[in-house]
Amino acid sequence: MSVIDHKVYFSLLGIPVRDTVIMTWIMIGLIVLLTLFFRRKLPHLLELILDFIYGIVGGVMNVDNLTPYIPVLGTLFIFVLMANSLSIIPGLRSPTADVNTTFAMALIIFFQSIFSVFGKKACGDMSSRSPIRSGCSR
């Protein structure tokens, strides 16, 4: 088993900035630019992408209302799609090739699912005794 060495490009306030972070910044810039372009020139394409994500998530999840889950799962879908597409360009590495990126995405989804369930339970039968009432529609 070989160790993957990630090159340090520079330090920012004493924190080493590695190639994974640089590739993630490049990818975020590309996503923002593509979104602004599509929003202005091809808004129907953004709607098509959103319908595609709704179709994928709706086919996997068995819930009545997908709206609370679409922002997180749609962002994750676009991030992974762009990250893996970035490695097609010679000289660029996918940010998901670093185990730290994969671990961070797993933590985000793990805690989001816990807070989502906790929010639903807080709005249920125990809502009169729950200290958290924000988001409850009563």
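With the working numbering as the guide, the letters of the sequence shown map in order to residues 5 to 142.
Even for Gly, the Cβ is constructed at its ideal location relative to N, Cα and C.
Because the structure is a prediction, the values reported are computed rather than measured.
- K11 and M86 have their alpha carbons spaced roughly 21 Å apart.
- In the three-state scheme derived from DSSP, where H, G and I count as helix and E and B as strand, S89 is classed as helix.
- Assignment of beta-bridge partners to V21 by DSSP yields F14.
- Taking a C-beta distance under 8 Å as the contact criterion, L90 and S98 qualify as a contact pair.
- At the C-beta level, T24 and T106 stay beyond 8 Å of one another.
- Counting the other Cβ atoms within 10 Å of the Cβ of T100 gives 16 or more, which makes it buried.
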